[in-house]
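Chains as they are written, first to last, in my numbering: chain R, 88 to 508; chain C, 88 to 508; chain P, 88 to 508. Data block below; observations after.
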Amino acid sequence: MLDYRRVNKNVDFSSVDIYPKWKGNDADDINVAIETALDYDATRSYKHKPFLLMESAPGAPNWFPYNRLTRAGQHELVSMQSVAHGADSVQYFQFRKCRGGFEKFHGAVVDHEGSENTRIFKEISALGKKLLNLDEVVGTMPDSRVAIIHDWSNKWALDDAAAFYRRDKKLLPTVTQFYKSLWTRGIDTDIIGFEDDFANYSFIIAPMLYTVSEEVGKNLTKFVENGGTLLCTYMTAMVDENDLCHLGGFPGAGLRKVFGIWNEEIDTLYPEQKVLVKTENGECEAIDYCELIHTEGAKVIAEYASEFYAGMPAATVNEYGKGKAYYIAFRDKGEFTEKIMEKILSETKISSKFCSQLPYGVTAHSREDDNAVYVFLQNFTRSEQTLTPTDSWSNIENNEVINKEFVLLPYETKILKKLKV
Amino acid sequence: MLDYRRVNKNVDFSSVDIYPKWKGNDADDINVAIETALDYDATRSYKHKPFLLMESAPGAPNWFPYNRLTRAGQHELVSMQSVAHGADSVQYFQFRKCRGGFEKFHGAVVDHEGSENTRIFKEISALGKKLLNLDEVVGTMPDSRVAIIHDWSNKWALDDAAAFYRRDKKLLPTVTQFYKSLWTRGIDTDIIGFEDDFANYSFIIAPMLYTVSEEVGKNLTKFVENGGTLLCTYMTAMVDENDLCHLGGFPGAGLRKVFGIWNEEIDTLYPEQKVLVKTENGECEAIDYCELIHTEGAKVIAEYASEFYAGMPAATVNEYGKGKAYYIAFRDKGEFTEKIMEKILSETKISSKFCSQLPYGVTAHSREDDNAVYVFLQNFTRSEQTLTPTDSWSNIENNEVINKEFVLLPYETKILKKLKV
Amino acid sequence: MLDYRRVNKNVDFSSVDIYPKWKGNDADDINVAIETALDYDATRSYKHKPFLLMESAPGAPNWFPYNRLTRAGQHELVSMQSVAHGADSVQYFQFRKCRGGFEKFHGAVVDHEGSENTRIFKEISALGKKLLNLDEVVGTMPDSRVAIIHDWSNKWALDDAAAFYRRDKKLLPTVTQFYKSLWTRGIDTDIIGFEDDFANYSFIIAPMLYTVSEEVGKNLTKFVENGGTLLCTYMTAMVDENDLCHLGGFPGAGLRKVFGIWNEEIDTLYPEQKVLVKTENGECEAIDYCELIHTEGAKVIAEYASEFYAGMPAATVNEYGKGKAYYIAFRDKGEFTEKIMEKILSETKISSKFCSQLPYGVTAHSREDDNAVYVFLQNFTRSEQTLTPTDSWSNIENNEVINKEFVLLPYETKILKKLKV
């Protein structure tokens, strides 16, 4: 596997191949949409420039375990999703189905049948017409105030760590859990690495940031000192860039003082085990990992309520410099993550460009330049969804004014525009 | 793996080794009996001549994951089953248990104990006496009016296809599902390949006949033209004998006009997903595969009732020449297969030689020559079963006349004879 | 894998590394404690001398699939357990956590943090103080009247046997099931091999003793002749030391006459199958294996009550010489084993040195020399447990007299002493 951030230093533009594994029910497919969005945001963040959707499948791919057909309407939805997140192209693998070989049944613009009468060919033609309206979007970019640190070197070190739950530390699902709180709110997000400039953001989330060099530690410290909000979790700063453990107590690389805690031990739970956690908003359950941390200045915002470490802190916040450092010592099933994200987004005044509240399964991502903001409203459910804008927009397709409650059809994408004053 | 049809061109007689994996309950063991019957019918059909049962295990084999004992009476049942389907011998591996090595615990006529006092030895002796009565059966053959096409080249191409449910297309279970409708009715069946003469049969079933060369396409077309009934399913005639996709719309090789349909796309379902299908006899459920077909002359006999293709045809029949071509576009759980088989067998007037209705788990297979018909009635259940002949027969063991209701004991085989007039 | 009995002939002392896989609930963890005890007893029995606990993990190991923290108190419990079973040392891997490499997160006396302020360091210091009181125990040994034969050559031959349930015959769980009846009663036990002197014991248990040479057969025969009680199970004496089957009927090597039975066949059940067994104490269920045995002088103490072998013997006892030979022809889920062990231990008057009845999860193992007996009472549950001695003892830590009911705290070890008169 390559470190795509390093690769992108040497190429002119980023591109990505996307084959979402749709399942056929809203609950699963919304999660698929979120994972796909995360991929698009990561691709755009490599060069902080628009990217190309290089490959996508018209119809079903051939290499999945189960090669389910793309549902009517789903193809436009996912193609437009790439544009919503910064793509300046929608391209396919493949144009015409080959007669032989491994990919002979991979979706294509033109089928073995050979005519323009197939469902797939008609859907692609219709999408092509809509893309012709989007010339003015080319080159625009989202303006993200939030970033998630997800660096390849951290992933590799975690994968290699012989400890905890050895087979799979579940870094990507954990990153995705935090990202989900942002996606469901329509908040534009960058996915960054250790060498990005943290000063560009108000709020940085760094889940399972196991690998932290002294330099990265200093940069994160400065970010908080200067007023940023940093959210880290269990397994923070255990090893340095050479995979050597930090001495003197975790989190290392100077972050012990930033978070105001000492992580003495980490308990790994069996999959069937839960530990109770008491929070301001009632009880929740810890799974997989519970760190036994001691406060050294931090304020406790959640504590364990079962096991031999009942009463010890489970989550803390520390004021440091002009900023704040949140530490979540356990893995939760999603409820606590959602609550703490809500709290921090409110504190940092970060929200969607479009409206305050989105129905579940609908998102609103934006791109902008000096003249205008474009917001892509997308309905990833199979039901109609009602939206209410907080401002006045115009529909890019027909210049219709959108300033009050309206309906988004199943799998519909609406692209709205607002001029900057 | 070898193409046994090619091998059999170069040998004097066919033989087979059979080790049925009995489970210990009627429901499973009837399925085991059906799979075993299919193997016997395939073996006989390679050369269209009686074959030898070369190896079978007295007692338990040693190489199964779980090496369960053959139950009292079960040994005679399965040995006689081979004769019922065309075997002219019942032979064993092994005569005497070896003291050492991998097969030292494989069932044998003579145990390590060494005497004639074991259950197994006694059962084999008793069977041997019964086989002495069957000299007149040697050389006789079933007279099959039904055939199932199950060609190795089709299996290999399907296994190799990177598409649909990639790991396992489940060809053999699908073939077995159709075969089961024949077995439970006591209908003698041949299992044939692409090079067999289709003109020998009134009804040909070709499940998942993915591979169809232009030549085989022509032969199937001629079979229907001349009055035959052909039943095919989803995935028919997608590739030719070189594993290259047919162009111009599936089914290829000229079969699009024979079935009067065009198969535009195939949807692969996840294991937990079902699609409703509306038939003349009420609703049933599609699993695994649903083709999106368009009629081009065929009559619709079932249609989808859920998913984005609700209302599209799910099964069709087309009158072509003097014959009929049935197409089942989806995989069903068994109900629909059973209904359509009943309908076609009634239309083609194909039935058991012995009686119109058999209890579930009992079958009646026959062998004949110019002088007489022999029917093997076998009870694969652990309960007594009552049978009623439609004609007068004599019991080959004692010449008793059998012309009214009688009982078949658990695991019993009765061999009846009727002279041709 | 090595035959540790052979290795131990050439070394000065035995040692063992123990990493119990605690699960976090009493039911599972008592079983872990029993497996650990069996390992300790086996290690001591190699040389029939005290051994060294060479490696144990302070805190969590790193190489388990799930590396759960050792609970507070659990560390002392398991360290003292080694001493209870004959260890003359408690040692660790590792003293200080390494900064890099595969074992950087393996538990250590000194953490990466580096100070004496960790929970683990404090627990080890406390244990170290208690071990200073145990000088007089060094060199003492349990006085076992029971032995279990568990020889490597038998295990290897069974693993290699292509028969029965091929993948796993479950020898170790079967040995452990018998051992559990001894552990829960606080009965000191040796784990011996074919070359040990059987005359040292009153009662020998030999589960699944598949491999029996003529010489071992003679020694077992002599053991029973001279008044010993021998308990064997299904699969006894099927092969000799060269993995060749005994001829003339199982059990071979002369044991057919000792047990007074002939084992004609063995039925292997599927995991979901059960066979009913009728015993003096009501019905129980056979799983996995049912041998079809015939008595040749033995008295039947249980018989099959389902399957085609209903009515055949399922367990027998035979008086032979001055002793008795028990044969259990089936695998049971634990109930029958427990009942028959109770019966035999009562017949042979073998009991704990400390008291007649122990709460479940508490055990009492002993070491002694010419002067004194030391009994280690250990509570492997997370609840307080009440014990009542049948005699007067003194607490080795403070010389307190213990002669009436007292409480053992969760995870507590108490070491009591009694002078020999």
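Backbone N, C-alpha and C fix where the C-beta goes; we use that ideal spot for every residue, glycine too.
Status (buried if at least 16 other CB within 10 Å, exposed otherwise) for C:Leu-307 = Per the 10 Å Cβ criterion, buried.
**Asked** Counting only runs that start and end within the segment 324–366 of chain C, where is the beta strand (DSSP E) found for 3 or more residues in a row?
**Response** As far as the segment 324–366 of chain C is concerned, its whole beta strand (DSSP E) runs of at least 3 residues are 348–355 and 362–366.
Ignore the nearest five residues each way along the sequence and tell me which others in P:Met-399's own chain have a CB closer than 8 Å to its CB. Hits under 8 Å: Leu-379, Ile-380, His-381, Glu-390 and Tyr-391.
Item to check | 8 Å contact criterion, which P:Ala-373 and P:Asp-419 should meet: CB distance rounded | outcome: Contact between P:Ala-373 and P:Asp-419 is confirmed by a C-beta separation of about 6 Å, below the 8 Å threshold.
Inset, instruction - Check whether the Cβ atoms of C:Ile-353 and C:Asn-405 sit closer than 9 Å, and answer yes or no. - result: Not a contact, by the Cβ cut-off of 9 Å.
Could you name the residues of the same chain whose beta carbon sits closer than 6 Å to that of R:Leu-245, not counting the 5 residues immediately before and after it, in chain order? Cβ neighbours of R:Leu-245 beyond the five flanking positions: Lys-256, Leu-258 and Tyr-297.
- Message: My output table needs one value for R:Leu-318: the three-state DSSP class, helix, strand or coil.
- Response: Three-state result, R:Leu-318: strand.
Q: Using a Cβ-Cβ cut-off of less than 7 Å, list which residues of the segment 357–372 of chain P approach chain C; keep chain order.
A: Listed by position along the chain: Tyr-357 and Gln-360.
Does the beta carbon of R:Asn-154 sit closer than 9 Å to a beta carbon anywhere in chain C?
-> True, the Cβ-Cβ gap to chain C drops below 9 Å.
**Asked** Got a sec: is the Cβ-Cβ distance from P:Ala-248 to anything in chain C below 9 Å?
**Response** Yes, contact with chain C.
If you run the structure through DSSP and keep just helix, strand and coil, what is C:Tyr-91?
It is helical.
ask   = To the nearest whole angstrom, what separates the beta carbons of C:Pro-148 and C:Tyr-106, a pair I think is in contact under 8 Å?
value = With a Cβ gap of about 5 Å, C:Pro-148 and C:Tyr-106 count as contacting.
- Task: Answer with yes or no whether the minimum CB distance from R:Gly-335 to chain P is below 9 Å.
- Result: Yes, contact with chain P.
Assuming the contact rule is C-beta atoms closer than 8 Å, P:Cys-332 and P:Met-325 should be a hit. Round their C-beta distance to whole Å, please.
Going by Cβ atoms, the distance from P:Cys-332 to P:Met-325 rounds to 6 Å, so yes, they are a contact pair.
With a threshold of 9 Å between beta-carbons, can R:Asp-330 be considered close to chain P, or not? Answer yes: the Cβ-Cβ gap between R:Asp-330 and chain P drops below 9 Å somewhere.
Quick one: does R:Phe-395 have its CB under 9 Å from some CB of chain P? Output row for R:Phe-395: interface = yes.
Quick check on the DSSP output: what are the complete alpha helix (DSSP H) runs of length 4 or more inside the segment 378–460 of chain P, in order along the chain? Taking only runs of at least 4 residues, the alpha helix (DSSP H) segments lying wholly in the segment 378–460 of chain P are 422–435.
Quiz item: Counting contacts by CB-CB distance shorter than 9 Å, is C:Arg-254 in contact with chain R?
Solution: So yes, C:Arg-254 belongs to the interface.
I want to check one thing, is the minimum distance from the CB of R:Glu-351 to the heavy atoms of the ligand FAD below 8 Å? Because no ligand of any kind appears in the structure shown, any question about the ligand FAD cannot be addressed here.
7 Å Cβ shell around P:Tyr-133 - same chain, five flanking residues per side excluded: The beta carbon of P:Tyr-133 is closer than 7 Å to those of Tyr-91, Arg-92, Asn-95 and Ser-101 in its chain, skipping five residues each way along the sequence.
Residue-level contact to chain C via CB, P:Thr-323, 9 Å cutoff: Not a single CB atom of chain C sits nearer than 9 Å to the CB of P:Thr-323.
Q) Roughly how many angstroms separate the alpha carbons of R:Asp-478 and R:Phe-441, rounded to a whole number? A) Going by the C-alpha atoms only, they are around 7 Å apart.
**Asked** Which residues in chain R sit within 7 Å of C:Phe-251, going by Cβ to Cβ distance?
**Response** Those within 7 Å of C:Phe-251 in chain R are Asn-154.
Q. Using DSSP with H/G/I as helix, E/B as strand and the rest coil, what is R:Met-141?
A. In this structure, R:Met-141 counts as strand in the three-state DSSP scheme.
By alpha-carbon positions, which one of R:Tyr-376, R:Met-428, R:Val-460 and R:Glu-383 ends up nearest to P:Arg-155?
Between P:Arg-155 and the set R:Tyr-376, R:Met-428, R:Val-460 and R:Glu-383, the nearest pair of CA atoms involves R:Tyr-376.
Worksheet item: Can you name the residues of chain C whose CB is closer than 9 Å to the CB of R:Arg-272?
Response: In chain order: nothing, as chain C lies at least about 30 Å away.
DSSP three-state call for P:Ser-481: helix, strand or coil? Looking at P:Ser-481 - three-state DSSP - the assignment turns out to be strand.
Taking C:Gln-264 as part of the alpha helix (DSSP H), name the residues at either end of that continuous run.
Here the alpha helix (DSSP H) through C:Gln-264 covers 258–270.
In chain order, what are the residue ranges of uninterrupted beta strand (DSSP E) at least 3 long that sit wholly in the segment 169–253 of chain P?
Fully enclosed beta strand (DSSP E) runs of 3 or longer: 174–177 and 233–236.
inquiry  = I need the DSSP call for P:Ser-101, collapsed to helix, strand or coil.
reply    = Coil at P:Ser-101, not helix or strand.
Might you give, ordered along the chain, the residues of its own chain that have their beta carbon closer than 8 Å to the beta carbon of P:Glu-473, omitting 5 neighbours on each side? The sequence given here places Thr at residue 473 of chain P; Glu does not occur at that position. The residues are Pro-446, Glu-492, Phe-493, Val-494 and Leu-495.
Measure the C-alpha to C-alpha separation of P:Asn-287 and C:Tyr-498 and round it to an integer number of angstroms. Approximately 54 Å, taken between the alpha carbons.
Of all the CB atoms in chain R, is at least one closer than 9 Å to the CB of C:Glu-351? Taking Cβ atoms only, chain R reaches closer than 9 Å to C:Glu-351, which makes this a yes.
Starting from P:Thr-261, find everything on chain C with Cβ-Cβ shorter than 8 Å and list it in chain order. Proximity of chain C to P:Thr-261 at the Cβ level (cut-off 8 Å) is not reached, the minimal Cβ distance being about 17 Å.
Notebook entry, point to check: Comparing alpha-carbon positions, which option in C:Met-141, C:Asn-241, C:Val-387 and C:Thr-263 lies nearest C:Ala-425?
Noted result: Strictly speaking, residue 425 of chain C in this sequence is Glu, with Ala absent from that position. Nearest of C:Met-141, C:Asn-241, C:Val-387 and C:Thr-263 to C:Glu-425, Cα basis: C:Thr-263.
Check: Sorted by chain position, which residues of the same chain lie with C-beta nearer than 7 Å to R:Gly-173's C-beta, five sequence neighbours on each side aside?
Finding: Here the set comprises Tyr-127, Arg-131, Pro-137, Phe-138, Met-228, Pro-229 and Arg-454.
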